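Per the working numbering, the sequence shown starts with residue -4, numbered consecutively. Just so it is clear, CB atoms sit at the ideal spot from N, CA and C, and this is done for glycine as well. These numbers come from a predicted model, not from an experiment. Report on one structure; see the data block that follows.
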Amino acid sequence: MIDTGEEIRRYILIAVETGRAPLSADASLDELRSLLETAGGEEAGRMIQPLEAPSARSYFGTGKIEELKELLRQTGADGVIADDELTPAQLRNLGDLLDTQVLDRTTLILEIFAMRAHTREGQLQVELAELRYRLSRLSGFGATMSRQGGGSGVHARGAGETKLELDRRYIRGRIAALRQELEEITAQRDIRRSRRQKNEVPMVALVGYTNAGKSTIFNRLTQAGVLEEDKLFATLDTTTRRLELSNGREIILADTVGFIQKLPHHLVDAFHATLEEVAYADLLVHVVDSSDPKASLNMKITMDAMQSLGAGDKPIITVFNKNDLPQPTETAGPDYLSEAILHICAYEAEGQQALLTAVETALDKQMHPSEMLIPYDKGSIINLLHENGSVIEEEYREDGIYIKVQLSSTDLGRYQAYLLK
Ligand SMILES: Nc1nc2c(ncn2[C@@H]2O[C@H](COP(=O)(O)OP(=O)(O)OP(=O)(O)O)[C@@H](O)[C@H]2O)c(=O)[nH]1
Ligand SMILES: [Mg+2]
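If you want it as structure tokens, here you go:
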């Protein structure tokens, strides 16, 4: 456990520079440092080795490991943390060679998630992710697991070390039980969701990289009191609130878990249920911390995640947040198709209002398929429908002109009298 509640644990952060990653090893270690601080630890130093690829045997090469040993001695650090997910062999060999606690990015993220999951669903998902991670390394490396688990505390939330000795069959059984329970929760949510859809309340989801300011915006707009913090992964559970726009229209706003580069796939899988809100959203608000020099990479990571959640084609409002902070010189982000692009400060009423207006406009523009019957003496309406909507079908009937057309909600309201259903 990194946060022991006693003295602060200090770690050497290590990374391999391949020259091919989108982020330099040093910048990636800055993020690892934030993760470590979020978990309650501290950086004692860092070491980067340029290599074609990490050594399959021990992550670093042998010579570098000697240097690392020396740095450990000099700093008196409690262990090392690798910036990549280590294989069981790398973990074991590195641990043996250094004779110290070895962690990796994945265990660190899992530890933070375990610390921060508060709802039943969040806890189930974290446990599921941990078990999957463990199962994937149980192929004959039981010894490694004990070593790793003994120090890491990722597992300490549960029954502790004895849990590590549980065999694969037990883990499989537990995974099945967790899945079942999660499915029940999901089913309940489905019921709520279909009720909502019947009432046609649109869902707007705040998405983005961790620490971008999603919860801050959510709280300012809804007075919800969700935890907002200058730490990574402050939010793990999706929170939703109803909100009335100035045109009187009601929406549901959802605050969601943030993304990060190299997010362990066990976690992404496990959090699919939580992120379903994103898949069902009518509109996404992509919040970007514009003061972050790696903002454009962060955007790409979020957009890739949207794609994998099946939400890649949804209408998006891009919000460059924190414009009160110094902005890095290179701000030209990637060119994603947006309904609107805003530059705001979440704390200021002006920015909040601008966002609400953009949401209103974007929702208004969304088209709904509708069927109408227009009396023959109202022929001018047919012309208007052709101009403002997109006509799918038109048929001259005895009692009037039948028309199937995609319309914005504003127009839908305007021509309500002629709706067939
Ligand atoms: N200066 C400044 N800080 C902001 C602004 N918006 C949010 N913050 C701060 O940024 C930090 C992160 O904000 P959160 O709202 O917790 O970020 P989040 O996107 O919900 O993060 P996760 O839940 O970790 O995904 C907090 O310390 C906020 O107070 C802003 O417009 N300007
Ligand atoms: Mg948050």
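Query                                                                                                                                                  : Result
Can G346 and P370 be called in contact, C-beta distance under 7 Å?                                                                                     : no
Can you name, in chain order, every residue of its own chain whose Cβ lies under 8 Å from the Cβ of E116, other than the five neighbours on each side? : L177, I180, D232, A268, T269
Return yes when at least one heavy atom of ligand 2 lies under 6 Å from the C-beta of K209, else no.                                                   : yes
Report the three-state DSSP secondary structure of E106 (helix, strand or coil).                                                                       : helix
Smallest Cα separation from R188: which of E272, H363, G203, T114?                                                                                     : E272
Rank L98, D73, L93 by C-alpha distance to the C-alpha of P83 and give the top, closest one.                                                            : L98
Whole-angstrom Cβ separation of L93 and L63, contact assumed at under 8 Å?                                                                             : 7 Å
CA-CA distance, E1 and R169?                                                                                                                           : 32 Å
Is the distance from the Cβ of T230 to the Cβ of H281 below 7 Å?                                                                                       : no
Which one of F266, L379, A39, D78 has the shortest CA to CA distance from Q69?                                                                         : A39
Taking the alpha carbon of H381 as the point to measure from, which residue in L279, H363, I398 has its own alpha carbon closest?                      : I398
Could you spell out the range, first to last residue, of the beta strand (DSSP E) harbouring I9?                                                       : 5 to 12
Counting Cβ pairs, one atom from each stretch, are 3 or more of them under 8 Å apart for the region 35 to 53 and the region 6 to 13?                   : yes
What is the C-beta distance between A357 and A341, in whole angstroms, given that I count them as a contact (C-beta under 8 Å)?                        : About 19 Å separates the two Cβ atoms, so there is no contact after all.
How should G36 be labelled, buried or exposed, when 16 other C-beta atoms within 10 angstroms of its C-beta is the threshold for buried?               : buried
Please report the distance separating the alpha-carbon of G374 from that of I246.                                                                      : 35 Å
Let me know if P323 comes out buried or exposed under the rule of 16 or more other beta-carbons within 10 Å of its beta-carbon.                        : exposed
With respect to 6 Å, is the separation between the Cβ of A341 and the closest non-hydrogen atom of ligand 1 below this value?                          : yes
In the DSSP assignment, find the beta strand (DSSP E) that holds R41 and state where it starts and stops.                                              : 37 to 45
Cα-Cα, which of G58, M367, L105, D319 is closest to G408?                                                                                              : M367
Suppose contacts are defined by Cβ-Cβ distances below 7 Å. Is F254 in contact with Y204 by that definition?                                            : yes
Between which two residues does the beta strand (DSSP E) carrying S403 extend?                                                                         : 395 to 403
Under the assumption that P321 contacts S285 (Cβ atoms under 8 Å), give the Cβ distance between them as a whole number of angstroms.                   : Not a contact, Cβ separation roughly 10 Å.
Below 8 Å CB to CB, which residues in the same chain sit around I104 once its five sequence neighbours on both sides are set aside?                    : L30, F228, I255, L258, P259, L262
When you compare only the Cα positions, how much space is there between R163 and R52?                                                                  : 25 Å
Going by DSSP, what residue range makes up the alpha helix (DSSP H) through F213?                                                                      : 209 to 217
Please check the pair T251 and V202, which I expect to be a contact at CB under 8 Å, by giving their CB distance rounded to whole angstroms.           : 6 Å
I'd like to confirm the pairing. Which residues does DSSP put opposite P364 in its beta bridges?                                                       : Q401
What did DSSP end up calling A290 once you bin it into helix, strand or coil?                                                                          : helix
Given L350, which residues of its chain have a CB within under 8 Å of its CB, disregarding the five upstream and five downstream residues?             : I212, L216, V280, I312, V314, L337, I339
Mind checking whether D78 and L24 have CB atoms under 7 Å apart?                                                                                       : yes
Nearest by alpha-carbon distance to T297: which of E106, A207, A109, E224 is it?                                                                       : A207
Within the continuous alpha helix (DSSP H) that includes H381, where are the two ends?                                                                 : 374 to 383
Using three-state DSSP, classify I311 as helix, strand or coil.                                                                                        : strand
Out of Q401, P49, A353, D308, point me to the one whose CA is closest to I387's CA.                                                                    : Q401
Just the Cα atoms here: how many angstroms apart are T33 and R4?                                                                                       : 12 Å
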